[in-house]
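Written below as C-alpha cells is the structure these notes are about.
Protein chains: 2
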Amino acid sequence: MTEVVRAVPGVRVLGLHSDPDHNRSVLTFAGEEDAVLSGAVALAKACAAELDLAAQSGEHPRMGVLDVLPFVPLEGATMEDAVRLARRAGENLGSLGFPVFLYGAAAAASHRRKLPHVRRGGYEGVAARLEDPLWKPDYGPAMLDPHKGAVAVGARPILVAFNAFLDTGDVEVARAVARQVRESGGGLRAVRALGLRVGGKAQVSMNLTDLEQTPIPVALEAVRSAAAKHGASVESTELVGLAPLEAILQTARYYLALRELEPDHVLETRLYDVPES
Amino acid sequence: MTEVVRAVPGVRVLGLHSDPDHNRSVLTFAGEEDAVLSGAVALAKACAAELDLAAQSGEHPRMGVLDVLPFVPLEGATMEDAVRLARRAGENLGSLGFPVFLYGAAAAASHRRKLPHVRRGGYEGVAARLEDPLWKPDYGPAMLDPHKGAVAVGARPILVAFNAFLDTGDVEVARAVARQVRESGGGLRAVRALGLRVGGKAQVSMNLTDLEQTPIPVALEAVRSAAAKHGASVESTELVGLAPLEAILQTARYYLALRELEPDHVLETRLYDVPES
Chain P
1 MTEVVRAVPG
11 VRVLGLHSDP
21 DHNRSVLTFA
31 GEEDAVLSGA
41 VALAKACAAE
51 LDLAAQSGEH
61 PRMGVLDVLP
71 FVPLEGATME
81 DAVRLARRAG
91 ENLGSLGFPV
101 FLYGAAAAAS
111 HRRKLPHVRR
121 GGYEGVAARL
131 EDPLWKPDYG
141 PAMLDPHKGA
151 VAVGARPILV
161 AFNAFLDTGD
171 VEVARAVARQ
181 VRESGGGLRA
191 VRALGLRVGG
201 KAQVSMNLTD
211 LEQTPIPVAL
221 EAVRSAAAKH
231 GASVESTELV
241 GLAPLEAILQ
251 TARYYLALRE
261 LEPDHVLETR
271 LYDVPES
Chain U
278 MTEVVRAVPG
288 VRVLGLHSDP
298 DHNRSVLTFA
308 GEEDAVLSGA
318 VALAKACAAE
328 LDLAAQSGEH
338 PRMGVLDVLP
348 FVPLEGATME
358 DAVRLARRAG
368 ENLGSLGFPV
378 FLYGAAAAAS
388 HRRKLPHVRR
398 GGYEGVAARL
408 EDPLWKPDYG
418 PAMLDPHKGA
428 VAVGARPILV
438 AFNAFLDTGD
448 VEVARAVARQ
458 VRESGGGLRA
468 VRALGLRVGG
478 KAQVSMNLTD
488 LEQTPIPVAL
498 EAVRSAAAKH
508 GASVESTELV
518 GLAPLEAILQ
528 TARYYLALRE
538 LEPDHVLETR
548 LYDVPES
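Protein chains in written order, with the numbering used here: chain P, 1 to 277; chain U, 278 to 554.
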C-alpha cells in the first residue's frame with residue numbers, strides 16, 4: 001500500500017504505523033497539494049482493490065477500507081488550503097464509488113465537524129444513517145458497498161499523541177485524571193484523554209488535537225496537578241509518532257520563560273532547503 | 278566581508294551579528310569541510326586587506342583583525358573532523374602571514390585549551406608573550422604585524438548564549454547568581470556567566486559551552502535556585518543567536534520527563550533534504 005503512495009512524484013512518506021490489536025494502519029505522507037492529492041487517490045484505489053471491509057475486524061471503530069483521510073496544513077499552507085484540498089479529494093473519491101463524509105474544518109455542516117460523530121457505530125452505524133438527510137454523503141453514492149465502506153475526508157491541525165505514565169499501577173487513578181483533563185469532561189480544550197493500563201502502570205493517553213488551544217506543557221501540567229490530588233505523580237512520558245517543531249518550541253518557551261523562540265532560532269532550520277517538487 | 282564568504286560554493290551563511298559597543302562582528306557559516314575552509318581563508322584575506330587593527334578599539338578583547346575562528350562539528354561531523362579542519366585552517370592562515378594559536382579541542386597543549394588564556398591581554402598581551410616558548414604560534418610567523426594581529430583557530434562544541442532577566446533592578450543579585458552558577462565559581466561545568474544590568478533589569482548572561490555537560494534547563498534551574506536565595510526570580514529569558522535543535526530537544530525531554538525525543542520525532546526533519554554541496 002505504501003509503495004503506491006511513495007511512487008507518486010513529489011510525495012514524501014513520513015511514516016507507517018500498524019497496530020495488530022486495532023487491525024489498522026496509519027500512513028503519513030506529505031508534499032505539495034497536487035502530489036498529496038494524487039497519493040490519496042492512489043491509496044484509495046489500492047485499498048478498494050486489496051482490502052475487504054466485510055472480512056476485517058479489530059479494536060478500533062471503522063467505516064471503510066480507507067477509513068479516514070485528514071489533510072493537515074504544514075509549512076506555507078493554511079487551513080483554507082487544507083479544506084480546499086479535502087474537498088477536491090472528496091470529489092475524487094466520490095467518483096471512485098466511495099460515499100464521502102467531509103469532517104473537521106472541511107465539514108459542510110456543524111453536526112459533522114467531529115470525526116467520532118461522523119463515524120459513530122462504524123460501518124453499520126453509517127449504513128443505518130444513510131437515509132437521514134442530516135447524514136447524506138457529501139460526495140459519491142448514497143449507498144454502501146460492504147466490501148469498501150465509506151470514507152471520512154477532513155482538514156484539521158496537526159495532532160499530537162502524548163502519553164503520561166503514572167507512578168502507580170491503579171488504572172482508576174489514570175481514568176479519573178483523564179476524565180478531569182479532557183475537553184469532554186469540562187477540562188482542557190482540544191484534549192482527548194483515556195486512562196489505560198500499560199505494562200503494569202497507569203497511563204493517561206492523550207490526543208492533543210489543536211496545539212494552539214492546548215499545548216503539550218499545559219496538558220502535562222494539568223495531568224500532574226490532577227494526579228497529585230490522587231497521591232500520584234507522572235513518572236515519564238512519551239510521544240507516539242511525530243510532533244511538529246512548533247510543539248517542541250512551545251514546550252521550551254513555556255518552561256524556560258523565553259521571550260521568543262521561533263523556527264529561525266534553530267540552527268538546523270537554516271541548513272536545509274525545502275525539496276523541489 | 279560576508280559577500281566573499283557567501284561567494285564560496287557550498288557555503289551557507291547562517292548569520293551576521295555586529296555589535297557597535299564591542300566594535301566587533303560575528304559571522305556564522307556552515308558547509309562541508311572544504312567549502313568551510315575556503316570560506317575561512319577568503320574571510321581572513323578580506324580582513325587583512327580591509328581592516329586595520331591599529332585603528333580599532335572596542336569593549337571586547339581582541340588580538341587580530343580576524344580574531345577567532347572556531348570550527349564546530351554539526352550533522353555527521355565529529356570533533357575529530359573539526360580538529361583536523363582547524364589544523365588545516367591554521368596552516369593556511371599561517372601561510373597568509375597570520376601568527377596562529379590553536380585552542381579548544383584543537384589545542385596542541387593543555388595550557389592553550391581555553392580561548393581567554395590564549396587571548397589574554399589582547400594584541401599587547403600576545404605581543405609580550407611571543408618570545409615565551411609556552412606561547413609560540415602553532416603556525417605562521419613568530420612576529421606580529423600591528424595592522425593584522427594574530428588569530429586563534431579552534432574546534433569546540435556549539436555554544437549557546439542564554440540570558441535570564443530577574444525581577445529586580447539590583448545588578449548585585451545578578452552578579453551573585455552568576456558567581457554561584459558559573460564553572461569558575463565552582464558551579465556548573467561548561468558554564469560562563471556574568472551579572473549585567475540591561476534595560477533597568479538585572480540579567481544573568483550565560484555562555485553554555487558544552488550542552489552535553491550542562492544543558493539549558495540545568496543552567497536555568499540553577500539560576501532560579503540561586504536567585505530565590507536572594508529573594509528574586511527569573512522573569513523571562515532569551516537566546517542570543519542560534520541554538521541547535523538538540524538544545525531544544527534536551528529542554529523538552531527535561532521538563533516533560535520524556536522517555537525519548539530525537540530529531541527523528543520532529544516532523545519537519547523528515548521533510549527536508551540536506552542540500553547537495
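Glycine included, C-beta positions come from ideal geometry on N, C-alpha and C.
Predicted model only: the values in this text are computed from it and were never measured.
Exposure label - residue i; buried when at least 16 CB within 10 Å
i               : result
S225 of chain P : exposed
T491 of chain U : buried
E212 of chain P : exposed
N23 of chain P  : exposed
K136 of chain P : exposed
G431 of chain U : buried
E268 of chain P : buried
E246 of chain P : buried
T355 of chain U : exposed
R259 of chain P : exposed
E515 of chain U : buried
A49 of chain P  : exposed
A509 of chain U : buried
P116 of chain P : exposed
P521 of chain U : buried
G104 of chain P : buried
Own chain residues within Cβ distance below 7 Å of residue i, not counting five before or after
i               : result
V517 of chain U : A438 and N440
L351 of chain U : A307
R365 of chain U : L314
G149 of chain P : L53, M63, G64, V65 and Y123
E368 of chain U : Y416
D447 of chain U : A479
S295 of chain U : S302
L51 of chain P  : V65
R113 of chain P : Y103, G104 and A107
P146 of chain P : L53 and A54
Cβ neighbours of residue i in the same chain (closer than 6 Å, five flanking residues each side left out)
i               : result
A385 of chain U : L379 and D415
G15 of chain P  : T28
F442 of chain U : K478, Q480, E512 and S513
E183 of chain P : R189 and V191
E310 of chain U : L362
R179 of chain P : G185
H60 of chain P  : H22 and R24
V403 of chain U : M340 and A427
M1 of chain P   : A46
R474 of chain U : V448
Residue i and residue j closer than 7 Å at C-beta
i               : j               : result
P376 of chain U : G417 of chain U : yes
R156 of chain P : P70 of chain P  : yes
V83 of chain P  : A54 of chain P  : no
G472 of chain U : R452 of chain U : yes
G316 of chain U : V349 of chain U : no
R253 of chain P : L261 of chain P : yes
V281 of chain U : A319 of chain U : yes
A312 of chain U : V290 of chain U : no
V450 of chain U : H542 of chain U : no
A323 of chain U : L370 of chain U : no
A419 of chain U : L407 of chain U : yes
I216 of chain P : I525 of chain U : no
Supposed close pair residue i, residue j - CB separation, criterion 8 Å
i               : j               : result
G64 of chain P  : V151 of chain P : 5 Å
L314 of chain U : L362 of chain U : 6 Å
T528 of chain U : L256 of chain P : 6 Å
T209 of chain P : L271 of chain P : Rounded, the Cβ-Cβ distance is 31 Å, inconsistent with contact.
Own chain partners of residue i with C-beta closer than 8 Å, once the 5 adjacent residues on each side are dropped
i               : result
V458 of chain U : G464, L465, V468, A470, V481, M483, A496, A499, V500 and A503
Q56 of chain P  : N23, R62 and V65
A405 of chain U : G398
D358 of chain U : E310 and P350
Check your understanding: At a Cβ cut of 8 Å, what residues of the stretch 221 to 236 of chain P count as close to chain C, listed as they run along the chain?
Key -> No chain C appears in this structure, whose protein chains are P and U.
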